[in-house]
Each structure stands twice: as C-alpha cells, then as structure tokens.
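These notes concern the structure reproduced below.
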Amino acid sequence: MTVTTAAVLVPLLPALAAALIFLTGRRAPGFVQPLAVLPTLAAAGLAVFVAVRQGGEEPLTAAHRLAPTGNDSLPIELALRLDGFAVLVAVLVAVVATCVQLYSTGYLRGDRRYPSYAALVSLFTAAMLLVVYTDDLIVLLVGWEVMGICSYFLVGHYWETGAARAASLKAFLVTKLGDVPFLIGILALASDAGTFRISTIVARLTSSLSSFELSHPTLIALLLLAGVAGKSAQVPLHTWLPDAMAGPTPASALIHAATMVAAGVYFVARLLPVFTASAAALIVLAVLAALTMTGSALAALAQDDIKRILAYSTIGQLGLMTGALAVANREAAVFHLLTHGAFKALLFLAAGVIIHTAGTGSLRALSRLRGLKERAPDAYWTMTIGLLALAAIPPFSGFFSKEAVIGAAEHAALDSGSGSASVAGWIVLAAALLTALLTAAYAARLWLVAFHDPVHARPEPLPAGAVHEDSTPAMTTVLWLLAVPALLLGLTYRTLPDWLDGGSLAPTLTTSVLATAAALTGGLIMYAGWRRAYEADAAVDPGPALLGPLFAPAGAGFGLDTAYRTVFVRPTRAAATLVRFLDRTVIDTYVRGAATAPGLLGTLTRRAQTGNVQTYLAALIGGALVLAVAAVLVAAGG
C-alpha cells in the first residue's frame, strides 16, 4: 500500500463507519460497537504507518480537481499534503478517537442513543482528519464546518436537559460567529494569492525568489483569527467551551484533546507565514493568548465541577499554544498540542470514571466522600499522572512542551532585531509564567479536594446512595494506555525537530528553573491553603480563601456571559420583538386592508346578482340615463 492510499483511507474509514452506523444502527444494534471501534482503530494504524513512512521526509502532495470556480486559477481540489506536522497530528487525532470510542462502549452502555453518538464521533474524527491532511482551504473549511455540526449534536446528546440544549445551541452560535469572518478571510486570502492551495500560499510568502506579498495582510490575518478564536475557544469567543461540558464525558475528551479546539491552533501553524506577514496581527494574537491563559487559569481555580475545571484548563493550554504561534514558533505550539492531547484526554476520561463511581463531579460533594481513591484506584493514579503533566512537573510530558513554549517566548523577548516580536515575546513570557503558577494551583486543588481526606479525618466508605456504577475494563484499559504518552511523550523533544522545521525543542536552564519554580510554588500555596481551610472550619476547598474577592467573578467567567447578554442578546431580542410588531400590526394591517376592499366590492356585486330581469333592466336604464346626463353636461361645458 502506498503512503498516499493509506492517507486517503485514514479519514475515509471513520466517515464510512459513520454512514453505516447511521443507516443500520437501529436495525442492527449489535454491529454498532464494532463499526465504532474497528474502523477508527484501523485508521489509527494507517495514520501511524503514514507517519513512520513519511516522517522526516520531504512533504508528499497529491491533488484531484473537485470543482471549477469560474476562475481557472482557483479550482477546488481534493489535495493532500503530508508533512511532519500533518502526520503527527493525524496520529494524535486517530489514537485519541480510538480510545474515546473504546471507552464509550463502557461509559454509554445501555444508552438508547449510543448508535447516533458513535456515528457522530466517527464523523467528527473523519472531519478533523480531513482538516489535518488537506492542502486546500475550501476542503479544510468543509471539515471545519462538519466538526461544528457534530459538536452541536454531541454536546446536546442529553437533550432532555435544558442545560444540554442551551449548551449545544451556544456552542453552535458562538463558533459560527467566528466562522463568518473566517470564511471572508479565506476568500480574501485566496483572491490575493491566486490559489486555495495552502502549500502554494506558504511557498509564495516564504520563498526568497518570490516577490509576492499580501495586499491586506493585517485584515486577512485578523479575519482568520476570528474563526480561530471561535473554534479554539480563545478570548473573547471562549465562553461556549465550559458550558459544553453538558455533553457526555468521552465526547468532551475528544473535543478538548484532538478535534475541534485543536483545529484552530493547527490552522494557524499551517498558515503561520500569513500571520507573520503582519506585525500587528502577531501583537493582537499575543495579547489574546495572554488574556486567555491567565483569565482561564483564574476561572479554573473557582470552579466546583471537575469537567468545568478541565474545560477552563483546555482554554488556558490552547492560549499557551497560540502564544507560541504569536512568537512565530509553530514547532513549540504543535509539540504542546501533541502532549496536551494525550494528558487532557487522560484527564477527561479519568474524570468520567470518577463521575461514574461517585455519581457526581462536584468537588464540594466529592470532598465529603471517603475512600474515593480506593474505590477508583485506576482513575486516581492516572489522573495524578495527567495532573502532573498539566502542571508541567518534570519529567512528565507537559513540562517539556510547556518549556518549549516559554523558551520560544524568552528567545523572542530578548531578540533586539524586531521590536514587535520582542513585545509579543515579553507579553507571552510573563503570561506563561503566571499561568504556570496558577495551573499548578488548580491542579493541586482538584487532586487534594477530590481524593484526599484531611489527615485527621476518620476514613469512611462511600455512601451507598452516592455510588453510581463501577468502570468497565475497557474504560480502565484506555486510561492506562493514555497514561503512557502523558508520562513519556515529552521525551521526544530530541527527535521531533527532524519531523518539523528543525528548530530546537530542548529545555533551557533559565526558563526551566523559572517555570518549575512557579509550578511548585503554586502547588505548595494550594496545599498550605487546603490544610489551613480544613483546620479553620472543616471545609476542604481552599479556593475561596486564596482568591478572595476574585473567587465569585472568576467562578462566573468574569461576567462575560452577562456582558454578552446585555450587549448582544437583549438588543437582538428587542429588535426581533420590534420586527414582529411591525410585521403583525403594521404590515399585516395593510395586507388585510388590501384584501378587505376587493372582498367588500365582491359582496356588493354578488348582492346585485338577484336573477330578477326587471331589476337588471332598471339598472341598465338607470345607467344609460346617467351616461346621457354626463354626456350633455360635458357637451354644454365644452
């Protein structure tokens, strides 16, 4: 099998599986699980095959024209480009999707809507793989939009609940708010470059032999960033992601680790020369990344639900990736994308086991339970690994990739050759170090409050009424499979440069010491606050005491949802009410009046039709007399 054939099959297999499940899921439910797991597993195997064969080699491209556009130089093509970035991200997507499908067979056992769920996960996977492999902007847009549709249905899986319905609609609308300028940006970029091919655009912008420049680089970059902010949940379009936790936990793992939110970061990495063509766009990206990092970390410290903590964590880690892109280092961004995909999938799936076991994801409720880590030891140990990776404690994977980002920011900050790059570097560096402290703090809070009874509390078993159900072997197996890359993937920093652009990803002494010190400080502060909170009033959540007056606004996402309702939702509803009033009261009145006048005339005419000949003759004579009188008067006047 050729590499090209294998690459075509990677997104095609889960797409075909989705179609088969949609068509046969209700009639043959016994085939749903094999159709959900096996094609995705095969796609993962093929993705690994493509990566092994193509990694470190010259990029491989292939194209087939799909449709003309009226301009011979701008055809839409089913084009593939297999470079190191694409093949590595494809492996991440396929492996995480396989783990999610396998995990879901246990998590959603007995769910009557499992067939539609499994089909949507397969379609979601296929769409993201299409985004990863394609070299055509319009085909990428197709995968981009299909992911948005799949997320709408997956977030709203439990549509009986108002929270799920509202969350799915919010996710759809907020991401679409960014997709409109994103589409305009794609068309403007293609019009400037004269092609939809990503590799051609990048080559024209980076070649020393080409004099090509974009006509409006800042405008195009900002339009594209709007779509990226929506898809990758960056400020100010991030508010949909915490609410999306109303969906099934394995679907959350897929969205947060390998699809949807990763698409925006990957898109900027693929088209980075478009963004580096505008110094202003990089400054904007750096500021947004800094706000996203620090704001989401503070919000995570004030959440009570485990999944919402992890959701805000994802927003912050994506901000770290966009920070690396703001200092023009896509190797560091994709490196963190890979490690984050592994440990964030692990964290969400471990959280699913905890929720299954305890029947709740509330930290407040979990703090009152005893013996949770004994009841769910696999979730406890794997979540510990995931949280250490998230907090960037060496030698876990998150340390190496976060250090690559912070090192890139330091390099840009100290670069005296470019003022804008230096400004972006300082912004990202300061925000990343502060975020390292806050991330370790909320990771320690989750671990301490959920799993650890205060030292002088007498252990008690979980109350019988709190136990939901134990995890299945499939669920725990997946946890340990993901724990391996969460622990070891960071060690690939030596070999990854050969697959990417060749820049170093090795940790540097100064930033390693600073970042690790910040993480340890955050963890120790949280531990001290946890002990103090218990000893003071037997409450084990140190968040309110440590955040003080920031706790309430941080827990509410700093009021952004309220602001959006005030600025956008209420005026829109008021305008809709006005339009409805005008339509029903004003316009309909004229329409009804226009219909009433002919009706009345018809009624009078109908009454004149009596069938009496004498009446008709009298009317005829009367009419003739009227006409005669009128004629005489006209003649006399003349």
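Numbering (the numbering used here), first residue to last: 1 to 638. Glycine included, every Cβ here is placed at the ideal spot set by N, Cα and C. Small disclaimer: the values here were computed from a predicted structure and weren't measured.
Less than 8 Å between the beta carbons of residue i and residue j, yes or no?
{"i": "Thr40", "j": "Gln101", "result": "yes"}
{"i": "Leu237", "j": "Leu177", "result": "yes"}
{"i": "Asp305", "j": "Ser362", "result": "yes"}
{"i": "Leu222", "j": "Ala188", "result": "no"}
{"i": "Leu369", "j": "Ala358", "result": "yes"}
{"i": "Ser367", "j": "Pro250", "result": "no"}
{"i": "Gln44", "j": "Thr4", "result": "Strictly speaking, residue 44 in this sequence is Ala, with Gln absent from that position. The answer is no: Cβ separation not under 8 Å."}
{"i": "Ile76", "j": "Ile149", "result": "no"}
{"i": "Pro273", "j": "Val202", "result": "yes"}
{"i": "Val334", "j": "Ala269", "result": "yes"}
{"i": "Leu448", "j": "Tyr527", "result": "yes"}
{"i": "Leu488", "j": "Leu92", "result": "no"}
{"i": "Thr125", "j": "Thr24", "result": "no"}
Taking residue i as the reference, give the member of the options with the closest Cα.
{"i": "Leu301", "options": "Val139, Asp541, Leu482", "result": "Asp541"}
{"i": "Val131", "options": "Ala483, Val287, Ala262", "result": "Ala262"}
{"i": "Arg113", "options": "Val93, Ile21, Leu219, Ala404", "result": "Ile21"}
{"i": "Val52", "options": "Trp499, Leu582, Leu66, Ala279", "result": "Trp499"}
{"i": "Gly55", "options": "Val48, Gly84, Ala42", "result": "Gly84"}
{"i": "Lys307", "options": "Leu479, Leu349, Thr562, Pro485", "result": "Leu349"}
{"i": "Ala36", "options": "Val87, Tyr117, Ala47", "result": "Tyr117"}
{"i": "Trp426", "options": "Ala443, Gly407, Phe343", "result": "Gly407"}
{"i": "Ser504", "options": "Arg494, Ala127, Thr510", "result": "Arg494"}
{"i": "Thr510", "options": "Gly341, Ala404, Ile76", "result": "Ala404"}
{"i": "Gly106", "options": "Leu479, Leu318, Val10", "result": "Leu479"}
{"i": "Ser122", "options": "Asp111, Val95, Arg109, Gly110", "result": "Val95"}
{"i": "Leu219", "options": "Thr259, Ile255, Ala277, Leu254", "result": "Ala277"}
{"i": "Met383", "options": "Gly529, Ala190, Val484, Ala563", "result": "Val484"}
{"i": "Phe196", "options": "Leu271, Ser232, Ala15, Gln234", "result": "Leu271"}
{"i": "Ala443", "options": "Leu12, Leu524, Ala533", "result": "Leu524"}
{"i": "Ser397", "options": "Phe451, Leu46, Leu491", "result": "Leu491"}
{"i": "Thr360", "options": "Thr294, Ala450, Leu387", "result": "Ala450"}
{"i": "Pro507", "options": "Leu600, Phe568, Phe399", "result": "Phe399"}
{"i": "Val50", "options": "Ala597, Ala279, Gly602, Leu129", "result": "Leu129"}
{"i": "Ala431", "options": "His336, Thr292, Arg532, Leu633", "result": "Thr292"}
Give me the Cβ distance between residue i and residue j, rounded to the nearest whole Å; I'm assuming they're in contact under 8 Å.
{"i": "Ala171", "j": "Ala244", "result": "5 Å"}
{"i": "Thr161", "j": "Leu241", "result": "Contact flag wrong, Cβ pair sits at about 18 Å."}
{"i": "Leu482", "j": "Ala345", "result": "6 Å"}
{"i": "Gly323", "j": "Ala409", "result": "6 Å"}
{"i": "Ala164", "j": "Met147", "result": "So it is not a contact: roughly 19 Å between Cβ atoms."}
{"i": "Ala376", "j": "Ser252", "result": "Contact doesn't hold; Cβ gap of about 18 Å is too wide."}
{"i": "Ala90", "j": "Ala47", "result": "5 Å"}
Got a sec, what are the start and stop residues for the beta strand (DSSP E) residue i sits in?
{"i": "Thr61", "result": "60–67"}
Excluding the five sequence neighbours on either side, which residues of its own chain have a C-beta within less than 7 Å of the C-beta of residue i, listed in chain order?
{"i": "Val174", "result": "Gly230, Leu237, Thr239, Trp240"}
{"i": "Ile283", "result": "Ser420, Val423, Ala424"}
{"i": "Val428", "result": "Ala286, Ala289, Ala290, Gly323, Ala326, Val327, Ala409"}
{"i": "Thr2", "result": "none"}
{"i": "Leu514", "result": "Leu433"}
{"i": "Ser226", "result": "According to the sequence shown, residue 226 is Ala rather than Ser. Excluding sequence neighbours, Ala226 sits near Gly178, Pro181, Phe182."}
Comparing the C-beta of residue i with each C-beta of chain C, is any distance below 8 Å?
{"i": "Phe348", "result": "No chain C appears in the structure shown, which is made up of a single protein chain."}
Within the same chain, show all residues whose beta-carbon is closer than 8 Å to that of residue i, passing over the 5 residues directly before and after it, in chain order.
{"i": "Ala519", "result": "Ala391, Ala392, Ile393, Ala436, Leu437, Thr439, Ala440"}
{"i": "Gly623", "result": "none"}
{"i": "Val8", "result": "Leu80"}
{"i": "Ala552", "result": "Ala302"}
Which first and last residues belong to the alpha helix (DSSP H) in which residue i is found?
{"i": "Leu82", "result": "Here Leu82 belongs to no alpha helix (DSSP H); instead the beta strand (DSSP E) covers 76–82."}
{"i": "Val10", "result": "3–24"}
{"i": "Thr292", "result": "279–301"}
{"i": "Met321", "result": "306–326"}
{"i": "Thr472", "result": "Looking at the DSSP string, Thr472 is not in any alpha helix (DSSP H), and its letter there is neither H nor E."}
{"i": "Met245", "result": "Careful: Met245 lies outside any alpha helix (DSSP H) and carries neither H nor E."}
{"i": "Gln33", "result": "32–54"}
{"i": "Leu271", "result": "No alpha helix (DSSP H) holds Leu271; DSSP gives it neither H nor E."}
{"i": "Gly543", "result": "543–547"}
{"i": "Leu221", "result": "The residue you asked about is not Leu; residue 221 is Ala in the sequence shown. Segment 217–231, the alpha helix (DSSP H) holding Ala221."}
{"i": "Glu145", "result": "137–155"}
{"i": "Ala376", "result": "Ala376 -> no alpha helix (DSSP H), and no H or E assigned at all."}
{"i": "Tyr114", "result": "114–133"}
{"i": "Phe335", "result": "330–358"}
Using a Cβ-Cβ cut-off of 6 Å (strictly less than) and excluding sequence neighbours within five positions of residue i, which residues of its own chain qualify?
{"i": "Ala297", "result": "Gly316, Thr435, Leu438, Thr439"}
{"i": "Ser168", "result": "Tyr152, Val155, Gly156"}
{"i": "Ala476", "result": "It is Thr, not Ala, that sits at residue 476 in the sequence shown. Closer than 6 Å at the Cβ level, and outside the excluded window around Thr476, lie Asp378."}
{"i": "Leu140", "result": "Val131, Thr134"}
{"i": "Ala299", "result": "Tyr312, Ala554, Gly557"}
{"i": "His456", "result": "Unreliable positioning characterises His456 in this predicted model, as indicated by a pLDDT of 46, which lies under 50. A coordinate reading is not provided."}
{"i": "Ala233", "result": "Leu241, Val261, Ile315"}
{"i": "Ala257", "result": "Val96, Gly341, Lys344, Ala345"}
{"i": "Gly386", "result": "Phe343, Leu346, Leu347, Ala486"}
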